[in-house]
Structure formats: C-alpha cells, structure tokens
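Some notes on the structure that comes next.
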Amino acid sequence: MVKMSLDPVQVMSGQVKELKVAPSSNGDSRGSWEEKEEFDQDHLGLTSKPIPPKPENAVTIAVSSRVLFRTEREQKVFEQKGVEEYLRYQIEHENEPFAPGPAFPFVKALEAVNSRLRELYPQSEELFDIVLVTYNHAHVGIRLINTINHHNLFIERFCMTGGSSPIGYLKAWHTNLYLSADADKVREALAEGIAAATMFMPEKLTEVSQSQLRVAFDGDAVLFSDESERIFKAHGLDKFFEHEKENEDTLLDHGPLKGFLEALGKLQKKFYAKGHRLDCPIRTFLVTARSAASSGIRALKTLRAWGLEIDEALFLAGAPKGPMLEKIRPHIYFDDQMFHVEGAAEMGTIAAHVPYGIAQKHNAKQNTGVRK
Amino acid sequence: MVSTVQNTDVKQKDSDHAVVVAVASRAVFEPGAGGGDGVYAEGVAFPLLQALQKVNERLLEENSAESLLFDIVLITTDSQQQQQSSQLISSTKHYGLEVSRFCFSTEEDFSESLLKNNVQLFLSTDRNEVSQTSQKGVLSALLDEYTASCPSEQLRVLLCGDAVIRPDTNPTPASRQAAQSFSARLGKMRQRFGMSDSPLSITLMTSCGGRDSCGGALQTLRSLGISADEAYCLAGAPQGPILSVLRPHFLLSDGFSGLED
Numbered sequence: 004m005v006k007m008s009l010d011p012v013q014v015m016s017g018q019v020k021e022l023k024v025a026p027s028s029n030g031d032s033r034g035s036w037e038e039k040e041e042f043d044q045d046h047l048g049l050t051s052k053p054i055p056p057k058p059e060n061a062v063t064i065a066v067s068s069r070v071l072f073r074t075e076r077e078q079k080v081f082e083q084k085g086v087e088e089y090l091r092y093q094i095e096h097e098n099e100p101f102a103p104g105p106a107f108p109f110v111k112a113l114e115a116v117n118s119r120l121r122e123l124y125p126q127s128e129e130l131f132d133i134v135l136v137t138y139n140h141a142h143v144g145i146r147l148i149n150t151i152n153h154h155n156l157f158i159e160r161f162c163m164t165g166g167s168s169p170i171g172y173l174k175a176w177h178t179n180l181y182l183s184a185d186a187d188k189v190r191e192a193l194a195e196g197i198a199a200a201t202m203f204m205p206e207k208l209t210e211v212s213q214s215q216l217r218v219a220f221d222g223d224a225v226l227f228s229d230e231s232e233r234i235f236k237a238h239g240l241d242k243f244f245e246h247e248k249e250n251e252d253t254l255l256d257h258g259p260l261k262g263f264l265e266a267l268g269k270l271q272k273k274f275y276a277k278g279h280r281l282d283c284p285i286r287t288f289l290v291t292a293r294s295a296a297s298s299g300i301r302a303l304k305t306l307r308a309w310g311l312e313i314d315e316a317l318f319l320a321g322a323p324k325g326p327m328l329e330k331i332r333p334h335i336y337f338d339d340q341m342f343h344v345e346g347a348a349e350m351g352t353i354a355a356h357v358p359y360g361i362a363q364k365h366n367a368k369q370n371t372g373v374r375k
Numbered sequence: 015m016v017s018t019v020q021n022t023d024v025k026q027k028d029s030d031h032a033v034v035v036a037v038a039s040r041a042v043f044e045p046g047a048g049g050g051d052g053v054y055a056e057g058v059a060f061p062l063l064q065a066l067q068k069v070n071e072r073l074l075e076e077n078s079a080e081s082l083l084f085d086i087v088l089i090t091t092d093s094q095q096q097q098q099s100s101q102l103i104s105s106t107k108h109y110g111l112e113v114s115r116f117c118f119s120t121e122e123d124f125s126e127s128l129l130k131n132n133v134q135l136f137l138s139t140d141r142n143e144v145s146q147t148s149q150k151g152v153l154s155a156l157l158d159e160y161t162a163s164c165p166s167e168q169l170r171v172l173l174c175g176d177a178v179i180r181p182d183t184n185p186t187p188a189s190r191q192a193a194q195s196f197s198a199r200l201g202k203m204r205q206r207f208g209m210s211d212s213p214l215s216i217t218l219m220t221s222c223g224g225r226d227s228c229g230g231a232l233q234t235l236r237s238l239g240i241s242a243d244e245a246y247c248l249a250g251a252p253q254g255p256i257l258s259v260l261r262p263h264f265l266l267s268d269g270f271s272g273l274e275d
C-alpha cells in the first residue's frame, strides 16, 4: 500500500518561480547551439517551463521507465506473451498513466531541489537533469509522455533505444547516476565507470520528505572500494579490525558512488554560500556496519581527505540497518549487499543495490529468498 | 544530356511499386582511386548500399513476390567519372552491388533526370548538390564521413521531428510531401518485419523541443503509418554525442514535426 501522498501541487507551489531563462545567458554558444537562436521561444513549447541545462553542467540522473513507474502488469505481458503483444498492450492502454515506481519520490525530491536552486541562482546550469533512458521501443513513447504529463514531472529528455544497449547514451548524456530495474544493465554501466544501482519496488513505502532530498549510502563497496570487505570475507572479523587499525591513515580507494556523493556535495555548497546550511534541501547519510571507535575512523579520514562532507554518519557496528533507515527515511539508500537492500525494503525504505565488488559472488550463492 | 545503362547482372524492379533511391557514384566509390585491376575502392556510402540490399534480401525472404523493394540507381555527373563509365559498371559488378541502373547526366539536367527517373530519395556527399536537388523538390539527404562507419547489416534511418535541423535547407511544401511519402513507404517496409532482428530501423529525434514536441512528432508519424523503433528527445542537448552512438545512415529532416499545420 502506497502511504506517501505525492501531491505534485503541494511540492511545487510556493517554491517554483516560473523563470524564463534566455539562451544567451546560459554561457557561450557553441556550434551545435547556433541553430537554437533561430528559434522562437514559442516553438520550443517551453515558454512557461525552464529550459533544461546542458548535460555537462548538470548533475544528470538517468532513470529507466521500470523504476520511475510501476510497470509490473506490462512486464508480465512481455514475459508471458512476447514483445509484439506487450507493445500492443501498451498502445491499447496509452491513455492510462502508470503509477509511481520506486524512483518516483527520488525524482520529485530532485525537482524540489532544482526549484530552490533556480530561486537562488537563476542563471546557473548546475542543476539536476533527469533523463528517461529506457530500452523500450518508441511505441511506448506516447504512454510514457502521457504519464510524465499526468504526474507533472519535469522530464524533457529521453532515450528509447528500442532494445539496444543504453550504455552509449548514458555516456553521451554525461550521466552521474543511472537507476534501472535490470541488474545486467547496471553492471554494464558500473563497468563503464558510471554510478549505477538496481532498484526494487518495496511492498510498503514509508512517507518521505517532499522538501528535502535525503540520500543514504553504505560505505564499503559503495562509497569506498571493496578492499576491506575482501579481507573480512576471506579472513573474518578479527583480521578485518586488525587490517583497518594498521591502515587507519591510508586512504581507502574510491567506490562507484563516490562521484555522485561529490556531485551532491557541490550542490550543497551552493546552498551554504547563500546562508542555507541549516535548511539545506539536500542531506546525505553514511550508514555503515563499521564501528565508530575503530574501523569507522578510516572511513571518516578518507572522506575528509576527499573533501567530502557527509551530513550524518551512522556506525552500526554490525547492527541491522533496517530500523536506522526507517528513522532516516531516505529517498534512496545505496548498498552493495542484497541482504541489506531487502532488509531495508522490508521496513519500507527505498533501497537500491549496487552490484559491485566481492559481495556479488556471495549474493549469487546465497539464497536469501524474497521476503514478502 | 542524360543516358541510362541497365545493370544486366541485376533483376530490374517493378517501377510502380519499388522505392527508387539514387546515390551519387562519387559517394559509393572513391573518386579517382583506381586499383591495378581497374576496380574502384569503396566509398563512404558502401555500408549504406549493403544495408539497402540487406533490406531487399530480407523482404524477399518474407515474400518472394514482394514488389515494395529498394530500386538503387547510381548517378554520375562528374564528367571524369563518366569517361570511366565502364570502370564504374565493372566495379559495381565486381562488388555484387544491387544497382539496377546507371545514370549519367550533366549538371544542368541533373534534377530533371532525378525527377524523370521517379527518384524518391537522393543521397550524396556533396552539400551543394543536395541543396539544389532539394529545392527542386527531390527528397535529398547528405551523407558524410560518419556514414562510412555505419553498420551494413541494418539500414538505420533518422527522422528529425523538429521542423528545421539544417539552416541551409529550406523545407518547401513539395519537399515536405516527398519526405512524408518516402517515410510512409519506409514505414510499410518496416511492417514486413517483427520487432527484433529487423534489417530496417526507424528512429525519431527531436533536437530542440521538449517532450510534447517529441510526442507530437510520434503522433504525426503514426498518422503516416510509421512506427518508429527508437525515439530520442534532446531538448537542447548537443546532437553530436547522441548521433555517434545512434549511427544513422542518413537523416531526413522535414515533415515530421508535430507543431506544423
């Protein structure tokens, strides 16, 4: 049962000023932008909407249709009856918008941050840019556009690759984070150096903030490399502690989501610069099994050396993450272990799996079972 | 003066139903490059020709009596190449290209010869040539160095949903009509194949407008009987990076905008 009330009007009103941003103020015009000047603003259909930023200036979040919306019924048609029937079904139901999926609250929160950024920095292109990247066929395009319109989402860019790999397009869009329901696509993206995670629909959803973007990260194999996890898996807990103590002053290597945390930090600083440190609409959390007094020190030192400020660090010393996450209520929580992702989902947290590092070999062997 | 030579190696198409595509021979073969054995080297449009052939091959596999096929004509205006017409013909045969006939024309009669031959699409690497023929009402598309790196097993056509992509081409009602009718036939060809493993792929791209602009273009295509396989809405993002992943053989830029009357 979806508990959260996502009233688009509630989120946007009082925070959005419809700003008309002239093309020339968006920085130098390059060759490919020259044609834009020929256009009448009206032709764009964007007279009352802000113009999307250039990909290289923005923090680009690519989401697939299966995580932005709920498409279980359609998935079933695809799996049971094949692609032709699946497309026919989609076209038949073209005017029925999809329901929100697991990435929906996250995207809404990104838009809320954008509104605040536009208020403070009207000329800046340092914003979130959400791109729909799906390997659906263009036949589903009209239904997806209808759905975006219905939910009043600000998504003006999309790629429907008709079955080809979306990875090349992710790079072309300078993607900072890719969210998909397909673990293989996510792994492909990670292999190309793009932060990515697999999302699942939790059975129940706890309410999340509509005015503050809250992002939580696991430490090892997410923000940091999996080197310490390797020690733990190979030699056990004692050896792990020993190793961490010995290497306290050696920085951990970076993990796949470090860049994304960095991008969030850059935007946070923009709010701080305008006196909004206390009511910053972005808040980040580290939720790690490391212990505060011992193994956690290395994590903190590493973050500090990287110049990354994480707002809250929770050292659980091995305690279950579920209850803590339930208190934090992040819009998204990244973890490399399915065990934790499922545990979080059980308690209503939207968790995303980062299939990176040594834990994946164990994920394959474990039959954790899907706990409903 | 226009002269036409039929390629006796190739079965002639049914002119009432075939889709005539004229390609500048300068694009198919490297100009001036003569191999020792008198065979020209491959030009940038080579993979394109192979892809067109692949479509024909697969169409005939589905239905051996199929008449909706590509009818490929090689057109030469370069007087130098005309002198080497026999080399042109023998090179074509050497590579087994499915070219139905060769047209040799002067520059003045060029557009006329295209219209007379019922050419529905003209492809060339020469920007001036394409601009001229386009203004005369012949649907024309420019090939560039990227065309050479396109696949040869699948014909990839990009339809641009924004009204004006190139500042130098002026869409006339005639060229818009030509674009729509060509694409409609392409759409029909596409229907002969299933969703996956099609030798023909139709992509829609809108460069400047937002999602509603793309949605409108999809509706326009649908009204023309065209189901696009892929769709990209750039909303102002640079085209270059996307095009280099997409790798279309050529782009058609008029007639698909949802914003038009």
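Just so you know, the protein sequences line up as chains V and F, in that order. Going by my numbering, the first residue of the first sequence is number 4, and it counts up by one from there. Going by my numbering, the first residue of the second sequence is number 15, and it counts up by one from there. The beta carbon of each residue, even a glycine, is placed where N, CA and C say it ideally should be.
Count the other CB atoms within 10 Å of the CB of residue 237 of chain F; is the residue buried (16 or more) or exposed (fewer)?
-> Per the 10 Å Cβ criterion, exposed.
Residues bridged to residue 266 of chain F [DSSP beta-bridge criterion] | F:173
What span of residues does the alpha helix (DSSP H) with residue 70 of chain F cover, start to end?
-> 60–76
For the beta strand (DSSP E) that residue 233 of chain F lies in, which residues bound it at each end?
-> Counting along the chain, residue 233 of chain F falls outside any beta strand (DSSP E), though it belongs to the alpha helix (DSSP H) covering 225–237.
So, is the C-beta of residue 293 of chain V closer than 8 angstroms to a C-beta in chain F?
-> With 8 angstroms as the cut-off, residue 293 of chain V does not count as an interface residue toward chain F.
Grab the span of the alpha helix (DSSP H) containing residue 312 of chain V for me, first residue to last.
-> Per DSSP, residue 312 of chain V belongs to no alpha helix (DSSP H) and is neither H nor E.
Quick one, are the C-beta atoms of residue 266 of chain F and residue 156 of chain F less than 8 angstroms apart?
-> No; because the gap between Cβ atoms is not below 8 angstroms, this pair is not in contact.
Where residue 192 of chain V meets chain F, residues with beta-carbon distance less than 9 angstroms = Those do not exist, as residue 192 of chain V stays about 14 angstroms from chain F at its closest Cβ, beyond 9 angstroms.
Using a threshold of 8 angstroms, state whether the C-beta atoms of residue 143 of chain V and residue 93 of chain V are closer than that.
-> Result yes, Cβ atoms of residue 143 of chain V and residue 93 of chain V sit closer than 8 angstroms.
Sorted by chain position, which residues of the same chain lie with C-beta nearer than 8 angstroms to residue 308 of chain V's C-beta, five sequence neighbours on each side aside?
-> 254
Would you list the residues sitting across from residue 290 of chain V in a DSSP beta bridge?
-> V:317
Within 10 angstroms of the Cβ of residue 54 of chain F, are there 16 or more other Cβ atoms? Answer buried if so, exposed if not.
-> buried
Can you list the residues of chain V that residue 154 of chain F reaches, using a CB-CB cut of under 9 angstroms?
-> Correct list: empty, because the minimum Cβ distance to chain V is about 19 angstroms.
From the beta carbon of residue 175 of chain F, is the nearest beta carbon of chain V less than 8 angstroms away?
-> no
Does the beta carbon of residue 244 of chain F come closer than 8 angstroms to any beta carbon on chain V?
-> yes
Look at the Cβ atom of residue 20 of chain F, then the Cβ atom of residue 114 of chain F, and state whether they are nearer than 8 angstroms.
-> Yes, Cβ-Cβ distance for residue 20 of chain F and residue 114 of chain F is below 8 angstroms.
By a C-beta neighbour count over all protein chains shown, 10 Å radius and 16 as the cutoff for buried, is residue 83 of chain V buried or exposed?
-> exposed
Proximity to residue 62 of chain V [Cα-Cα], best of V:263, V:354, V:361 and V:359 | V:263
With a threshold of 16 other CB atoms inside 10 Å of the CB of residue 179 of chain F, please say whether the residue is buried or exposed.
-> Interpretation of residue 179 of chain F is limited by its pLDDT of 42, a score under 50 that renders its predicted location unreliable; the figure taken from the coordinates is listed afterwards. By the 10 Å Cβ count, residue 179 of chain F comes out buried.
For residue 251 of chain F, which residues in chain V fall below 8 angstroms Cβ to Cβ?
-> Here the neighbours are 55, 57, 58, 160 and 176.
Within chain F, partners of residue 341 of chain V - CB distance below 8 angstroms | Chain F residues near residue 341 of chain V: none, gap ~31 angstroms exceeds 8 angstroms.
By a C-beta neighbour count over all protein chains shown, 10 Å radius and 16 as the cutoff for buried, is residue 326 of chain V buried or exposed?
-> exposed
Contact list for residue 52 of chain V against chain F, beta-carbon separation under 9 angstroms = Chain F residues near residue 52 of chain V: 224.
Candidates F:33, F:253, F:232 and F:240, of which the one nearest residue 85 of chain F by Cα | F:33
The region 121–139 of chain V contacting the region 160–180 of chain V, beta-carbon criterion three pairs below 8 angstroms = yes
Residues near residue 1 of chain V by beta carbon distance below 7 angstroms, same chain, minus five either side | Limits of chain V in this structure are 4 at one end and 375 at the other, which puts residue 1 of chain V out of reach.
Residue range of the unbroken alpha helix (DSSP H) whose run includes residue 246 of chain V | Going by DSSP, residue 246 of chain V is part of the alpha helix (DSSP H) stretching over 240–249.
Chain-ordered chain F contacts of residue 90 of chain V [CB-CB under 8 angstroms] | 209
To the nearest angstrom, how far is it from the Cα of residue 347 of chain V to the Cα of residue 195 of chain F?
-> 55 angstroms
Just how far apart, CA to CA, sit residue 68 of chain F and residue 216 of chain F?
-> 15 angstroms
Provide the residue(s) that pair with residue 257 of chain V in DSSP beta bridges, ordered along the chain.
-> Here residue 257 of chain V is bridged, per DSSP, to V:227.
Between the region 226–243 of chain F and chain V, which residues of the former have CB atoms less than 9 angstroms from a CB of the latter, in chain order?
-> Per Cβ criterion, the list reads 226, 227, 228, 229, 230, 232, 233, 235, 236, 241, 242 and 243.
Flag residue 17 of chain F as yes if its beta-carbon sits less than 8 angstroms from any beta-carbon of chain V, otherwise no.
-> no
Residues, ordered as in the chain, of the region 66–88 of chain V that lie near chain F by beta-carbon distance below 8 angstroms = Cβ contacts with chain F come from 86 and 87.
Local conformation of residue 167 of chain V per DSSP, three classes | coil
What residue does the alpha helix (DSSP H) around residue 1 of chain V start on, and which one ends it?
-> Nothing about residue 1 of chain V can be reported from this structure: the residues present for chain V run from 4 to 375 only.
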